[in-house]
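Participant: Submitted below is the structure of interest, expressed as structure tokens.
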Amino acid sequence: MRIVLAVLLGLVTSAGAQAPSAPVPLQAKCAECGVVRSVKTITKEEKPTPADSTKPSGLVATIPFGKDAGPPQLGSSSKIGRDKVKVNTRWEVTVRLDDGRFQVVMLDDEPDLREGDKVRVDDGKVARRED
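Here the sequence shown stands for residues -19 to -1, 1 to 112, where the numbers follow mature numbering (1 follows the signal peptide of the UniProt record, and there is no 0).
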């Protein structure tokens, strides 16, 4: 009987001696999560570079095809097509992170985001999050 009591006492004390497990957090904090504050379109016109007339250039003829094609062009390869102004469009997304910081992300493609969307910023990209 003493042996049985000793074994039971040993089991009870070893079970009580174990450290209680730490509570599991419901959701880990996301350091790069936040809310979209603004989405701005930035348009920049890039003027053509002037052609260097001292360098030799070849002859180019372009004949556009299609319903809405323009007139054919003939001229120097250093001049044809360089007179057009190139328009570069980018989008600036400002995100207020959950810790209070702001982060501005520049995107080449138009984002499908609006002010107030919950997002995560990762590697220069902005992705919508669901919570």
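Cβ atoms here follow ideal geometry from the backbone N, Cα and C, with glycine treated the same way. Just so we're clear, the structure is a prediction, and the values are computed from it rather than from any experiment.
1. Using three-state DSSP, classify I23 as helix, strand or coil.
2. To the nearest angstrom, how far is it from the Cα of V74 to the Cα of K65?
3. In angstroms, rounded to a whole number, what distance separates the CA positions of V78 and K67?
4. Just curious, the beta strand (DSSP E) that residue 117 is in, first and last residue?
5. Could you name each continuous beta strand (DSSP E) segment of 3 residues or more that falls completely within the stretch 81 to 106, going from the start of the chain to the end?
6. When the Cα atoms are used, what is the spatial distance from T24 to D89?
7. Please report the distance separating the alpha-carbon of V76 from that of V86.
8. Give me the Cβ distance between V100 and R109, rounded to the nearest whole Å; I'm assuming they're in contact under 8 Å.
9. Taking T22 as the reference, which of K28, R71, D49 has the closest Cα?
10. Find the nearest neighbour of D104 within the set D98, D112, Q84, G97, judged by alpha-carbon distance.
11. Pull up the DSSP beta-bridge partners for R71, would you.
Facilitator: In this structure, then:
1. strand
2. 29 Å
3. One detail in the question is off: residue 78 reads as Leu in this sequence, not Val. When rounded, the distance between both Cα atoms is 35 Å.
4. Since the displayed the chain opens at -19 and closes at 112, residue 117 lies outside it and no answer follows.
5. 83 to 88, 99 to 103
6. 11 Å
7. 8 Å
8. 6 Å
9. R71
10. Q84
11. I23
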